[in-house]
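For reference, the structure discussed in these notes is given below.
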Amino acid sequence: MKIVLFLFNGKEDDFFLKKRQEKGYKELYILAKKNGLKIYHTRIKEYNSQKKTFDKAQTFDTKTGWTIEKNITPDIVYDQSPLNISLEKKKTRTQITQEFTFVNDLLSNKLCTDKWLTYKTFKEFCPQTILVEKSDDIIKIQKIDAEKIILKPLFGLKGRGIEIQQKSKISPIEYPFIAQPFLKMDPIIGITKGQHDFRVLLANDEIFHAFVRTPSEGGYLANVSLGGACTVLFPEEVPENIQKVTKKVLQKLEKFTNKLFAIDFMIVKGKALIIELNSRPGLNLEESEKPHEKRIFTHIMNFFQKTLYDSKRN
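Counted from 1, the sequence shown has number 263 at position 270 by my numbering; the numbering is strictly sequential.
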């Protein structure tokens, strides 16, 4: 049975999945086994560079439950670790990329995580963006054509640290960060009258899942972890304007192989604009996604199987 290993950063006392992750990952691990794959997860620090194995990794079995096994040699490593980690862990992670078939290589991970790099690469599909690295840069925000400004940590995730402020009264968040106009978004019929976050998930060049997140009542940030709602769409329901920009993004990412990632969009005046890219989309599904669990996870399994097949050919 082929082995897929999910690679996390993992704190010293944090090896097991968090309680909120267990159920979703458990179902994925069970389905994988039915498809001839065994999934483990582990921390970067478990890598043994001399043996070229991982000393310990956790998996799930319907008979034994969650168990830790030793000396794991994966066929595929799916990187779930943050871009910015300690230098020692970065060095170890680089070694891992050189020894195993790696999903989302480190350069594509940086492109998806660094919001300024994302903007520079896909500028024509993004809202106006200013990089603020120090206090002297704050004056640049006045160039943005909007009264309200959204400030985002350069490497932020899940809406953490984002603030919406008046341009005339900017109070900087932790440097470095980016500043963008707070834009009024178009309604999406049957889903939202305005603010939204339209996510498409891709396995290489194929959209296999999509959903729209909307803010809680009176809120601005469309993130479920912040109290928003999530409406699932089938790939064929993704609007044409988002599909067109997705194809353009894929053209620029053509040199990268083994891609499993997400693009978040907003629709403004009929135009699809990129909010951010995410090379580590969460696999712990929201409640509204649970009825689609088998379909979503099957696409992910097919992606891993194809990655294995392609790695053998090369």
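Glycine is no exception: its CB is placed at the ideal position from the N, C-alpha and C atoms.
Buried or exposed: residue i, going by 16 or more other Cβ atoms within 10 Å of its Cβ?
i, result
"Asp138", "exposed"
"Leu385", "Limits of the chain in this structure are -6 at one end and 307 at the other, which puts residue 385 out of reach."
"Gln73", "buried"
"Pro180", "exposed"
"Gln91", "exposed"
"Phe201", "buried"
"Pro174", "buried"
"Gly221", "buried"
"Thr239", "buried"
"Glu199", "exposed"
"Asp129", "exposed"
"Gly58", "exposed"
"Thr87", "exposed"
"Gly187", "exposed"
"Gly183", "exposed"
"Phe227", "exposed"
"Lys145", "buried"
"Asp303", "exposed"
"Gln244", "exposed"
"Gln43", "exposed"
"Ile324", "What is shown of the chain runs -6 to 307, which leaves residue 324 out entirely."
"Thr185", "buried"
Are residue i and residue j close, meaning C-beta to C-beta below 8 angstroms?
i, j, result
"Phe296", "Leu266", "no"
"Asn102", "Ser281", "no"
"Ala196", "Ile293", "yes"
"Tyr168", "Lys116", "no"
"Lys141", "Gln159", "yes"
"Ile65", "Phe53", "no"
"Gln108", "Glu269", "Checking the sequence shown, residue 108 turns out to be Lys, not Gln. In this structure, Glu269 lies closer than 8 angstroms to Lys108 by Cβ."
"Gly154", "Ile163", "no"
"Leu30", "Lys(-5)", "yes"
"Ile171", "Ile157", "no"
"Val225", "His285", "yes"
"Tyr40", "Leu276", "no"
"Lys27", "Gly3", "no"
"Ile289", "Leu301", "no"
"Val125", "Lys136", "no"
"Met178", "Val261", "yes"
"Cys119", "Tyr112", "yes"
In the DSSP assignment, find the unbroken alpha helix (DSSP H) run with residue i in it and report its ends.
i, result
"Asn64", "No alpha helix (DSSP H) contains Asn64, which is instead part of the beta strand (DSSP E) from 58 to 65."
"Asn102", "99 to 106"
"Lys177", "Run containing Lys177: none; DSSP gives neither H nor E here."
"Glu269", "Unbroken run through Glu269 is the beta strand (DSSP E), 264 to 271; no alpha helix (DSSP H)."
"Gly235", "Residue identity differs from the one stated: residue 235 is Ile in this sequence, not Gly. Element bounds for Ile235: 233 to 245."
Which residues bound the beta strand (DSSP E) around residue i?
i, result
"Glu92", "From DSSP, Glu92 is part of no beta strand (DSSP E) but of the alpha helix (DSSP H) over 80 to 92."
"Ala139", "Per DSSP, Ala139 belongs to no beta strand (DSSP E) and is neither H nor E."
"His202", "199 to 207"
"Cys119", "It is not in any beta strand (DSSP E) - Cys119 carries neither H nor E in the DSSP assignment."
"Leu147", "Unbroken run through Leu147: none, as it is neither H nor E."
"Arg153", "Looking at the DSSP string, Arg153 is not in any beta strand (DSSP E), and its letter there is neither H nor E."
"Met259", "253 to 261"
"Gln51", "46 to 54"
"His34", "30 to 36"
"Asp72", "69 to 72"
"Ile(-4)", "-5 to 1"
"Leu311", "Here the chain comprises residues numbered -6 to 307, so residue 311 is not present and cannot be evaluated."
"Asp341", "Residue coverage of the chain in this structure runs from -6 to 307, which leaves residue 341 outside it and unanswerable."
(message) With three or more C-beta pairs closer than 8 angstroms as the rule, is the region -5 to 5 touching the region 23 to 43?
(response) yes
(request) Could you tell me whether the region 92 to 108 touches the region 244 to 261, where touching means 3 or more Cβ pairs closer than 8 angstroms? (result) yes
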